[in-house]
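Enquirer:
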Amino acid sequence: MDSQQNKQNIAAVLRRIKLWHIVLMLVLTVFMIRAFYVQVIRYDFYRKTALSDQLKQYEIPASRGTIKAYDGTSIVPIVLNQKLYTVYADPMFIKDPSKVAASVRDIIGGDEGKYRKQLEQKTLRYTILSKKVPKDKMDRLLALKYPGIGSQEQTYRTYPQGSLAGQVLGFVPDDGKGRYGIEQALNSQLSGTPGELKAITDASGVPLAASGSNVEDNPVPGKDVVLTLDIGIQKQVEQLLAKDIKRDKADSGSVVVMDPYTGQIKAMANYPSYDPAKYYDVEDGNLFNNTSITHPIEIGSIMKTLTTAAALDQGVIKSNSTFYDPSFYMVDKFKITNIEEDGGPGTRTIAQLLNLSLNTGAVWELMQMGGGKLDKQAREAWYEYLAHRFLFGQATGIEQGYEATGLVPKPEENGAGIDLTYANTSFGQAMTATTLQVASAISAVLNGGTYYKPHLVAQTIDAHGNATVQPPEVVKQGVVKPEIGQQMIPLMQYVVDNHNIVPAFNQDRYMVGGKTGTAQIAKPTGGYYDNDFNGTYLGFVGGNKPQYVIAVFVNKPKNGGYAGTAAAQPVFADIAHMLINNAYVIPKK
Amino acid sequence: MTYSSSMALGRQQRSIGRNQNAVSFRSNERTLGPISNTIILIVLACLLGLLYLTQVTKTNAFGYKINDLQTQATQLKSEHDDLEVASARLQSLDRAQNSDAAKSMTAVAPSGTVTQ
């Protein structure tokens, strides 16, 4: 009986065990199915979800290349990068706005009342108290541990030389893309390539070194750019131009100083200018333009140097030629005359043509290109020089933003008085060019016929210190015959010697030549203004050879007299004297 | 010990009865059973796992060190940049022009008299 009972008990236990076994197996099966679903079927989803928390992806910004320039033979920085801080506040957390505002004023400076007003606006969650705060001041402010005060680091361009060459440099706003000047033209070289960091991180964002899926691409820093500018010359040219423009009550002015044998720009200045560190304070956007290259004008009588060079090169005149000046020419029923001071008809030399700035003389030279008359042959011959040798009407390609091309009329008959137009171009009217274009053209004449591309970049230096030197780039050879430059030098010296420049230049020790220009200003509606003129000057200074070409534009001076002589010539004279007096010019041996 | 020798040994020590199986084999060799093997494998797996975790933790700790060093390098670079800016500002033309030394200088010689 007991044995029977025992057997029944054992059977019951075994049944219960079997039952639990089945239940357990069912539960395990459910777990396994769920695990399979999660780990295999939904693998991608859960992997992405996990990585979105753990995998951090950062862009590592590349540091922007610096800009340097020459100071004599040494190289000095003129644009650097500096980390500065934006101090912000969350007014909701500010308990005592007056106390915090006072502390901010004590440390950063500024208006305490303005800070207090900002901090009292409790509905705001973010308000910027100050930008460009140096690190030491930011550290002092944060050390006070006011809740709701924070800072954000940002890299800014900084200019150790102040506003020097502001329009040549351009500026870099908060988006990091260069605007105007070098910053725009060389933005891709200066900005470099950003790096990337993808890493599994801990909760605080620190990359875990053991993760095999970490990716780290280091940024490639932007290249440093060394400009051809000499900051000593640039500084003094800017100061002299500003002084003269103010004295002449002119609207604006531009100067280009370049090396005629390389195309290197030694100084490029405009007035008025701006401080690139405070570009956001500029109200008139035109101030950002480097007008030496963006603002073509009718250049006036400085063109006569190029007309003469072209006529000499064609062999239709000689530097010692004389010609009869009738004192006027009738072209397309319009009378082309000279200024009253030039006197009446008479026989003139080429040197007198330039010194007296005879419009009729320039037209006579143009006529010689046509075999003695102003016709299609003369127009085409002159156009060949204007457009294809002096390269007017096309951009020089200098490393600047927004370079203008200027305008050269085509020589074909257009039914609108093309002969008159071309007669005007011979003395710099009815066509436009920039200060840089005329400096480059006369450089090609003076150096014996090689048109060098005007350039501002002397070399670039990569992050490893490897320098790439920018050699002079020949754009065109044979602009004029080599001897033409030598013929033009004394003609232009004659003009300087006969223009009452005080103090006079010592031509025994130095070589200084030039030509004035007074240009009418075209109205947008057609015709010319009666009382407004531009003053221009194109000259050179050197010792045994022209070392610097100087081109000057002065817009609408109001100091009386002919604008070229009264306003532009003094700028040239001041700069030429400065170059000589500061030993930038190697004297004759 | 081979099978044949162990069989021979059994025959010597035991009396053989009628209809009795004369061949029996009892090995003296001690071997681990399946449970022991399983436990050992689990322990080994745990040890390997522990070793892996130790190494991973150790390697990850370098991440913090690297991070610290990178932060330090960034700070030093930033300080270097600040010093470079300060140095450039101290040598600027404006500063030189307004310095006491510059103010005490006399005007340059008239044009054309400078010799080199």
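In order, the protein sequences belong to chains A and B. Sequential numbering from 434 applies to the first sequence in the numbering used here. Sequential numbering from 115 applies to the second sequence in the numbering used here. C-beta: ideal position from N, C-alpha, C; glycine also.
#1: Examine chain A for any beta-carbon lying closer than 8 angstroms to the beta-carbon of residue 186 of chain B, and answer yes or no.
#2: Expressed to the nearest angstrom, what Euclidean distance is found between the alpha-carbon atoms of residue 227 of chain B and residue 619 of chain A?
#3: I'd like the ranges of any alpha helix (DSSP H) spanning at least 4 consecutive residues and lying wholly in the stretch 906 to 951 of chain A.
#4: Please check if any C-beta of chain A sits within less than 8 angstroms of the C-beta of residue 115 of chain B.
#5: What residues from the stretch 590 to 605 of chain A come within 8 angstroms of chain B, judged by C-beta to C-beta, listed N to C?
#6: Compare the C-alpha of residue 970 of chain A against each of A:771, A:689, A:772 and name the closest.
#7: Taking the C-alpha atoms as reference points, what is the distance between residue 461 of chain A and residue 467 of chain A?
#8: Based on DSSP bridge pairs, tell me the residues matched to residue 612 of chain A.
#9: My parser needs the beta strand (DSSP E) runs of 3 or more residues fully inside the stretch 747 to 781 of chain A; what are they?
#10: Which of the three DSSP states, helix, strand or coil, is assigned to residue 892 of chain A?
#11: Under 8 angstroms between C-beta atoms, does residue 515 of chain A make it to chain B?
#12: Who are residue 582 of chain A's beta bridge partners in DSSP?
#13: Quick one: give me the first and last residue of the alpha helix (DSSP H) that residue 665 of chain A is part of.
#14: Can you list, in chain order, the residues of its chain whose CB lies under 6 angstroms from that of residue 931 of chain A, leaving out five sequence neighbours each side?
#15: Taking residue 384 of chain A and residue 912 of chain A to be in contact with their CB atoms under 8 angstroms, please state how far apart those CB atoms are, rounded to whole angstroms.
#16: Strictly by DSSP, which residues pair up with residue 590 of chain A?
#17: Drop a sphere of 10 angstroms on the beta-carbon of residue 1007 of chain A, count the other beta-carbons inside from all chains shown, and report buried for 16 or more, exposed for fewer.
#18: Can you tell me whether residue 988 of chain A is helix, strand or coil according to DSSP?
#19: Do you know how far the Cα of residue 496 of chain A is from the Cα of residue 195 of chain B?
#20: Among the candidates A:802, A:692, A:595, A:733, whose CA atom is the shortest distance from the CA of residue 995 of chain A?
#21: Check the Cβ of residue 639 of chain A against every Cβ in chain B and list those closer than 7 angstroms, keeping chain order.
#22: Which value, in whole angstroms, describes the spacing of the CA atoms of residue 718 of chain A and residue 832 of chain A?
#23: Nearest-angstrom Cα distance between residue 442 of chain A and residue 149 of chain B?
#24: With H, G and I counted as helix, E and B as strand and the rest as coil, what does DSSP make of residue 649 of chain A?
#25: Taking only beta-carbon positions, decide if residue 216 of chain B is within less than 8 angstroms of chain A.
#26: Examine the Cβ distances between the stretch 836 to 845 of chain A and the stretch 878 to 896 of chain A and report whether three or more of them are shorter than 8 angstroms.
#27: Under 8 angstroms, Cβ to Cβ, is there at least one residue of chain A near residue 119 of chain B?
#28: Mind checking which residues open and close the alpha helix (DSSP H) that includes residue 479 of chain A?
#29: Restricting to Cα atoms, I'd like to know which of A:489, A:763, A:575, A:601 is closest to residue 633 of chain A.
#30: In the DSSP output, what is residue 660 of chain A paired with across the bridge?
#31: Starting from residue 153 of chain B, follow the beta strand (DSSP E) in both directions and report where the run begins and ends.
#32: Taking 8 angstroms as the CB-CB cut-off, is residue 726 of chain A touching chain B?
#33: Which residues in the same chain have their Cβ closer than 6 angstroms to the Cβ of residue 526 of chain A, if we skip the five residues on either side of it in sequence?
#34: With 8 angstroms as the threshold, decide whether the Cβ of residue 925 of chain A is near any Cβ in chain B.
#35: Less than 8 angstroms between the C-beta atoms of residue 535 of chain A and residue 560 of chain A, yes or no?
#36: Quick one: what's got a C-beta closer than 7 angstroms to residue 123 of chain B's C-beta in the same chain, skipping five residues either side?
Expert: The structure says:
#1: Taking the second sequence and counting its residues from 1, the one referred to as residue 186 of chain B is at position 72. Chain A, which has no Cβ nearer than 8 angstroms to the Cβ of residue 186 of chain B, makes this no.
#2: Here residue 227 of chain B refers to the residue found at position 113 when the second sequence is read from its first residue. Here residue 619 of chain A refers to the residue found at position 186 when the first sequence is read from its first residue. Caution is warranted here: a pLDDT of 48 is assigned to residue 227 of chain B, below 50, making its placement in the model unreliable, and no coordinate value can be reported.
#3: Counting only runs that start and end inside the stretch 906 to 951 of chain A, the alpha helix (DSSP H) elements of at least 4 residues fall at 915 to 930.
#4: Position 1 of the second sequence holds residue 115 of chain B. Residue placement at residue 115 of chain B is poorly supported in this model, since its pLDDT is 41, which falls under 50; the coordinates are not used for a value here.
#5: Hits within the stretch, in order: 591, 593, 594, 595, 597.
#6: Here the question's residue 970 of chain A lines up with position 537 in the first sequence. Checked all of A:771, A:689, A:772; the closest Cα to residue 970 of chain A is A:689.
#7: For the purposes of this step, residue 461 of chain A is taken as the residue at position 28 of the first sequence. For the purposes of this step, residue 467 of chain A is taken as the residue at position 34 of the first sequence. Cα-Cα distance, rounded: 10 angstroms.
#8: Taking the first residue of the first sequence as 1, we reach residue 612 of chain A at position 179. Bridge partners of residue 612 of chain A: A:604.
#9: For the stretch 747 to 781 of chain A, whole beta strand (DSSP E) runs of length 3 or above, ordered along the chain, are 755 to 758, 761 to 764, 767 to 770.
#10: Counting from 1 along the first sequence, the entry for residue 892 of chain A is found at position 459. Three-state DSSP puts residue 892 of chain A in a strand.
#11: For this step, residue 515 of chain A is matched to residue 82 along the first sequence. Interface criterion met: the Cβ of residue 515 of chain A is under 8 angstroms from a Cβ in chain B.
#12: As a first step, residue 582 of chain A is located in the first sequence; it is residue number 149 there, counting from the start. Residue 582 of chain A pairs with A:522.
#13: The residue labelled residue 665 of chain A in the question sits at position 232 within the first sequence. 664 to 681 is the span of the alpha helix (DSSP H), which, as asked, contains residue 665 of chain A.
#14: By one-based count along the first sequence, residue 931 of chain A stands at place 498. Excluding sequence neighbours, residue 931 of chain A sits near 788.
#15: This structure cannot speak to residue 384 of chain A, because chain A is shown only from 434 to 1022.
#16: Position 157 of the first sequence, counted from the start, is the residue given in the question as residue 590 of chain A. Beta-bridge pairing links residue 590 of chain A to A:514.
#17: The residue labelled residue 1007 of chain A in the question sits at position 574 within the first sequence. By the neighbour-count criterion, in which 16 or more other beta carbons inside 10 Å mark a residue as buried, residue 1007 of chain A falls on the buried side.
#18: Numbered from 1 along the first sequence, position 555 holds the residue referred to as residue 988 of chain A. Residue 988 of chain A falls in the strand class under three-state DSSP.
#19: Within the second sequence, the letter at position 81 stands for residue 195 of chain B. Within the first sequence, the letter at position 63 stands for residue 496 of chain A. About 11 angstroms.
#20: As a working note, residue 995 of chain A is residue 562 in the first sequence. The candidate whose alpha carbon is nearest that of residue 995 of chain A is A:733.
#21: Taking the first residue of the first sequence as position 1, residue 639 of chain A is located at position 206. Ordered by position in chain B, the residues that pass the 7 angstroms Cβ test against residue 639 of chain A are 177, 178, 181.
#22: On the first sequence, position 285 is the one that residue 718 of chain A refers to. On the first sequence, position 399 is the one that residue 832 of chain A refers to. Residue 718 of chain A and residue 832 of chain A have their C-alpha atoms spaced approximately 20 angstroms apart.
#23: Position 9 of the first sequence, counted from the start, is the residue given in the question as residue 442 of chain A. Position 35 of the second sequence, counted from the start, is the residue given in the question as residue 149 of chain B. Rounded to the nearest angstrom, the two C-alpha atoms are 29 angstroms apart.
#24: Numbered from its first residue, the first sequence carries residue 649 of chain A at position 216. Reduced to three states, the DSSP call for residue 649 of chain A is strand.
#25: Counted from its first residue, the second sequence places residue 216 of chain B at position 102. No, its Cβ sits nowhere closer than 8 angstroms to a Cβ of chain A.
#26: Touching, no, given that fewer than three Cβ pairs across the two stretches are closer than 8 angstroms.
#27: Counting from one through the second sequence, the residue named residue 119 of chain B turns up at place 5. Reliability fails at residue 119 of chain B, whose pLDDT of 45 lies under 50, so the model's placement of it is uncertain and no value is given.
#28: For this step, residue 479 of chain A is matched to residue 46 along the first sequence. Where residue 479 of chain A is concerned, the enclosing alpha helix (DSSP H) stretches over 476 to 487.
#29: Your numbering for residue 633 of chain A matches position 200 in the first sequence. Comparing Cα-Cα distances from residue 633 of chain A to each of A:489, A:763, A:575, A:601, the minimum goes to A:489.
#30: As a working mapping, residue 660 of chain A is identified with position 227 in the first sequence. For residue 660 of chain A, which the question treats as bridged, DSSP gives the partners A:890.
#31: As a first step, residue 153 of chain B is located in the second sequence; it is residue number 39 there, counting from the start. Taken as a continuous stretch (DSSP letters only), residue 153 of chain B belongs to no beta strand (DSSP E), being part of the alpha helix (DSSP H) at 148 to 204.
#32: Translated into positions along the first sequence, residue 726 of chain A becomes position 293. Closer than 8 angstroms to the CB of residue 726 of chain A there is not a single CB belonging to chain B.
#33: Within the first sequence, numbered from 1, the residue matching residue 526 of chain A stands at position 93. Same-chain partners within the cutoff: 580, 581.
#34: Here residue 925 of chain A refers to the residue found at position 492 when the first sequence is read from its first residue. Cβ-Cβ to chain B under 8 angstroms: no for residue 925 of chain A.
#35: Stepping through the first sequence from its first residue, residue 535 of chain A is reached at position 102. Stepping through the first sequence from its first residue, residue 560 of chain A is reached at position 127. For the pair residue 535 of chain A and residue 560 of chain A, the CB atoms are not nearer than the 8 angstroms cut-off.
#36: As a working note, residue 123 of chain B is residue 9 in the second sequence. Below a pLDDT of 50, predicted positions are generally treated as unreliable, and residue 123 of chain B, at 46, falls in that range; the measurement from the model is reported next regardless. Closer than 7 angstroms at the Cβ level, and outside the excluded window around residue 123 of chain B, lies no residue.
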